[in-house]
Every structure is written in structure tokens, then in C-alpha cells.
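First up is the structure itself, then whatever we jot down about it.
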Amino acid sequence: MKKYIVFAFSLLCGFTAHAQDTVETTIAADVVSQYIWRGQDLGSVSLQPTLGIGYKGLSLTAWGSVGLTEPADTKELDLTLAYTTGGFNIGITDYWTNDGQDPRARYFKYDAHGTNHVFEANIGYDFGVASIQWYTNFAGNDGLNKDGKRAYSSYVEAIVPYTFAGVDWTATAGAVPFATESYGTTGFAVTSLELKASKDIKVTDTFSIPVFAQVAANPCAQKAYLVFGFTLQP
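Residue numbers (my numbering): 1 to 234.
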């Protein structure tokens, strides 16, 4: 984010419901001081709601983001279909933002050379002590490579979770393996280094608010960010 704001925010958020101990529905929302995604600055203070349903490893999730202080910030709606079994996971995400090939930002415009949608496939594995994910754009508003052809923009990420001093931490390293306009790279580049700390703040005996702080850097772009946020959910 280009600036940091101290603010008070009150939000009524939903719940996570369970049906027959197999179907799970999730409603939650993050409020973040800055929207940083894979080392890219996508906006200032943002509200980021989640709505999802899962059944026996299969899940369908809607995730969005809207700026709260800057009208020009990215507006986003993502739909993800994913499957997890053991440590293995695969998924497909349809990203839509108001910035793309369509100047009218129409959600239901899917023309190959006129859409704001980007379609991405991912595959990964969680080893317990660490996890790794590979993402590749395969259709939609993907960037071009240095030859002016579709880049099939890709991103690989390693995440290491641990606990220290009573706080949950995650260390993340992400890189773009090939040249692409989407990430502003001309070849292999490390675009995201993050260290995040999370802790629950107890409000009542039955309700707490997870808060987090994160230092993020993009060595390729020579940018660094400090982000604070909290999550509202049951």
C-alpha cells in the first residue's frame, strides 16, 4: 500500500456451519492495511471476503477484494475449484479484476482477446514441515513473454510454518520461472519473500479475532511492504 492508515472497523461477519459432519460452509472476511499478492502491490486498505463450501476434499470457494480508501484500487472476484487428498492438492482458479482487456470491466465477457478473466491451474504438496505450490495461467488475460507470445505465466512458492514465542509464523519464498508481463519479469526472478506472524486476540470466552502482521519484499522490483490485518469468522 502507498500509505498506512490506523482505523477502527466494525463488521458483522458470518459463520462456519457443518452439515452431517462432511459438508463445510465458510464465511469470513479479512481486513488488511495493504493488498500485497505474490510481491505485487494491488491496493491500499482492503476488505477481502471469503465464501466457500467443501465436501470430502473437494471445495468451491469465492474470494474477493475491494478497496476501502482508494477508489482506484483493484476490485477482484476469484472462483477456485480445488481437491485435496492427504498432502496433495490440485485446483483451478478463475481470477477477475476490473483491470484488463475490457475497458468496461464486464464480468461475463469471456472473449479470448477481450476479457478481464485469467484462468490458472495449480498443483502442490504439503509435507507437514513445508509445502510447495506451482501455478500456471493457461487462458484468459495472461501476459506476454519477451517474444510477444502468450507467457503461460507461472509462479512457484514454498511455505514453511512454525511456532515461536507463542505465535504462529510462516516464511514464504516465491519465484517466477519465466519471462512474463504479468509479473514484470524478463526471466527467472524471485518476486516474493514474506515473513508473517499470526495470533488470536481473545474477545470473549467463545469469540476471538485472529490478527497478523507481515513483512513482504519483492527483490525483483526492489520493493518492500509491512502489512497488518485481522480476520472475522466464528
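Cβ atoms here follow ideal geometry from the backbone N, Cα and C, with glycine treated the same way. This structure is a prediction, so every number in the text was calculated from the model and none was measured.
**Study point:** Same chain only: Cβ atoms within 7 angstroms of T186, ignoring 5 sequence neighbours per side
**Key:** Taken in chain order, the residues that qualify are K146, A179.
Review point. Can you tell which of L193, P177, Y152 has the C-alpha that lies nearest to the C-alpha of V160?
Key: Of the residues L193, P177, Y152, the one whose Cα lies closest to the Cα of V160 is L193.
Practice item. Counting only the same chain and skipping the five closest in sequence on each side, list residues whose C-beta sits under 8 angstroms from that of A151. Key: Excluding positions up to five away in sequence, the list reads N137, D142, G143, L144, N145, F178, A179, T180, E181, S182.
Exercise for review: Please confirm whether S65 and Y95 have their CB atoms less than 8 angstroms apart.
Suggested key: Note that the C-beta distance between S65 and Y95 is not below 8 angstroms.
Check your understanding: Rounded C-beta distance between Q133 and G140? I'm assuming under 8 angstroms.
Key -> About 20 angstroms separates the CB atoms of Q133 and G140; that is not less than 8 angstroms, and the two are not in contact.
Review point. Counting along the chain, where does the beta strand (DSSP E) carrying Q133 start and finish?
Key: DSSP places Q133 in the uninterrupted beta strand (DSSP E) bounded by 131 to 140.
Practice item. Report the residue from Y162, T206, D205, V203 whose alpha carbon sits nearest the alpha carbon of K196. Key: The shortest C-alpha separation from K196 is found at Y162.
Check your understanding: With a CB to CB cut of under 8 angstroms and the five nearest residues on each side skipped, what residues in its chain are close to F119?
Key -> Counting only residues of its own chain and dropping the five nearest sequence neighbours on each side, F119 has a CB closer than 8 angstroms to the CB of I92, T93, D94, Y95, N137, F138, A139, G140.
Practice item. Can you grab the Cα-Cα spacing for the pair D41 / Q48, in whole Å? Key: When only Cα atoms are considered, D41 and Q48 end up about 15 angstroms apart.
Practice item. Please determine if the stretch 82 to 89 and the stretch 103 to 111 are in contact, where contact requires at least 3 C-beta pairs separated by less than 8 angstroms. Key: Taking 8 angstroms as the limit for Cβ pairs, the verdict is that the stretch 103 to 111 does not touch the stretch 82 to 89.
Check your understanding: Under a Cβ-count criterion, where at least 16 other Cβ atoms within 10 Å of its own Cβ denotes burial, should Y55 be classed as buried or exposed?
Key -> Looking at its Cβ environment, which holds fewer than 16 other Cβ atoms inside 10 Å, Y55 is exposed.
Practice item. Report the rounded CA-to-CA distance for L77 versus N218, giving the unit in angstroms. Key: When only Cα atoms are considered, L77 and N218 end up about 24 angstroms apart.
Practice item. Answer yes or no: does any C-beta atom of chain D fall closer than 8 angstroms to that of T115? Key: The question asks about chain D, but that chain is absent: this structure has only one protein chain.
Point to revise | Sequence-distant residues of its chain with Cβ nearer than 7 angstroms to Y4 (five each side left out) | key: Model confidence at Y4 stands at a pLDDT of 32, short of 50, so the residue's coordinates are unreliable and nothing is read from them.
Practice item. Rank V211, A28, G100, D200 by C-alpha distance to the C-alpha of T74 and give the top, closest one. Key: Checking every option, the nearest Cα to that of T74 belongs to G100.
Exercise for review: Could you pull out every residue in the same chain whose Cβ sits closer than 6 angstroms to the Cβ of E70, ignoring the five residues on either side in sequence?
Suggested key: The beta carbon of E70 sits closer than 6 angstroms to the beta carbons of S44 from its chain, once the five residues preceding and following it are set aside; these are given in chain order.
Point to revise | Opening and closing residue of the beta strand (DSSP E) in which L77 lies | key: Per DSSP, L77 belongs to the beta strand (DSSP E) from 76 to 85.
Check your understanding: Between V156 and G184, which are expected to be in contact by the criterion C-beta below 8 angstroms, what is the C-beta distance as a whole number of angstroms?
Key -> Between V156 and G184, the beta carbon gap of about 17 angstroms keeps them out of contact (Cβ cut-off 8 angstroms).
Check your understanding: By the 10 Å Cβ neighbour count, where 16 or more other Cβ atoms means buried, how is L232 classified, buried or exposed?
Key -> Buried, since its Cβ has 16 or more Cβ neighbours within 10 Å.
Check your understanding: Taking the C-alpha atoms as reference points, what is the distance between V211 and T191?
Key -> Whole-angstrom Cα-Cα distance: 25 angstroms.
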